[in-house]
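Visitor:
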Amino acid sequence: MTRRRTLTIATFNVNGINARLSNLLAWLDYLKPDVVALQELKCEDAAFPREAIERQGYGAIWKGQRAWNGVALLARDAVPVESRRVLPGDASDRQSRYIEAAAHGIVIGGLYLPNGNPQPGPKFDDKLKWMARLHRHARTLVDLPHPAALIGDFNVIPSDLDVYDPAAWKKDALNQPEVRASYARLLEQGWTDALRSVFGSEQVFTFWDYFRQHAERDRGLRIDHLLLNPALATRLVEVGVDRWVRLEPGASDHAPVWMKIQR
DNA sequence: ATGACTCCCAAAGGGAGA
1 MTRRRTLTIA
11 TFNVNGINAR
21 LSNLLAWLDY
31 LKPDVVALQE
41 LKCEDAAFPR
51 EAIERQGYGA
61 IWKGQRAWNG
71 VALLARDAVP
81 VESRRVLPGD
91 ASDRQSRYIE
101 AAAHGIVIGG
111 LYLPNGNPQP
121 GPKFDDKLKW
131 MARLHRHART
141 LVDLPHPAAL
151 IGDFNVIPSD
161 LDVYDPAAWK
171 KDALNQPEVR
181 ASYARLLEQG
191 WTDALRSVFG
201 SEQVFTFWDY
211 FRQHAERDRG
221 LRIDHLLLNP
231 ALATRLVEVG
241 VDRWVRLEPG
251 ASDHAPVWMK
261 IQR
């Protein structure tokens, strides 16, 4: 096997890893990403499909949870070297929403940010608190001399360009001014939003809900993000969304989002 | 628009998602 000149790093909210296992494996076989962050495993640790993932050529670490949430990191022909499995700052947090590891020379934080609906309300308050914790932890990564990325389902619509109908999503937690401002402040630490930096003013989506044939009609949101610290951003080559995965039978409501970086 | 659609658990219908 020839060694490729770029590394491919991807994030994919699978919406139930066991319900979607064949979709996930088909996509891995197609793209052959080097590092993958998964969200919404919706399984306990013991139910993670480790053997099927390993047969596909990937080492994995994961943090599951019964019924909801759950995150994992996969590395092609390697096992991610875990550095964290909880976002610091709240000892009472029992939700599986963060996992961090080194893989193929890059520090990867894989995250599943709380949805926050309905808003206003306690779930929305929790979302903002989780984002504040993310800010504090991200500060420790952004200025590392080593390449680092924060990737996953942020549940944040960064701007009106990132939603097919801003008015229809006006009251949604993903689209609130406080949430957008918090995301913007995170970027101001020095993170590069890889998709936006390459697409410029062109619209691109990563999620389409299951209603009203929104996927087929490309009425979506951009809420899955790839953030690069400066040491990694200089190596960014290409980005993409594998929208075809969203159009397959039995698909997740999210599509995989990927970037290629120089080795 | 208390909607729709799909997962989970569990064994029906409710919680959660976004």
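In the UniProt record's numbering, the protein residues as written are 1 to 263. All residues carry an ideal CB built from backbone N, CA and C; glycine is no exception.
#1: In the DSSP assignment, find the unbroken beta strand (DSSP E) run with I261 in it and report its ends.
#2: Using CA atoms only, rank isn't needed, just tell me which of N115, T192, F211 and G240 is closest to N229.
#3: Using the Cβ count rule (16 or more neighbours within 10 Å means buried), how would you classify R136?
#4: Tell me where the beta strand (DSSP E) around L73 begins and ends.
#5: Just curious, the beta strand (DSSP E) that V237 is in, first and last residue?
#6: To test your reading of the DSSP string, which unbroken alpha helix (DSSP H) runs of 4 or more residues are found completely within the region 116-171?
#7: Quick check on I223: does DSSP put it in helix, strand or coil?
#8: Near V245, what residues of its chain come up, given a Cβ to Cβ distance below 7 Å and the 5 sequence neighbours on each side ignored?
#9: I'd like to know whether the C-beta atoms of G152 and A233 end up nearer to each other than 8 Å.
#10: In the structure shown, what three-state DSSP assignment does Y183 receive?
#11: Out of G59, V14, R55 and I17, state which residue places its alpha-carbon closest to the alpha-carbon of A34.
#12: Report the three-state DSSP secondary structure of S83 (helix, strand or coil).
#13: Using DSSP with H/G/I as helix, E/B as strand and the rest coil, what is L232?
#14: Could you pull the DSSP bridge partners for G200 from this structure?
#15: Identify which residue in S92, P122, R196 and R55 has its Cα closest to the Cα of L236.
Guide: Taking the coordinates as given:
#1: Judged by DSSP secondary structure, I261 falls within the beta strand (DSSP E) whose first and last residues are V257 to Q262.
#2: Nearest C-alpha to N229: T192.
#3: When all chains shown are included, R136 counts as exposed.
#4: Looking at the DSSP string, the run of the beta strand (DSSP E) that includes L73 is V71 to R76.
#5: For V237, the uninterrupted beta strand (DSSP E) segment begins and ends at L236 to V241.
#6: Entirely contained in the region 116-171, the alpha helix (DSSP H) runs reaching 4 residues are, in chain order, 122-142.
#7: Correct three-state label for I223: coil.
#8: Excluding residues within five positions, the ones whose Cβ falls inside 7 Å are N23, W27, A251, A255 and P256.
#9: If you check the CB distance, G152 and A233 do not come in under 8 Å.
#10: In the displayed model, Y183 falls within a helix according to three-state DSSP.
#11: Note that residue 34 is Asp in the sequence shown here, rather than Ala. Here the closest residue by C-alpha is G59.
#12: DSSP, reduced to helix, strand and coil, places S83 within a strand of the structure shown.
#13: Helix.
#14: DSSP lists no partner for G200.
#15: Comparing Cα-Cα distances from L236 to each of S92, P122, R196 and R55, the minimum goes to R196.
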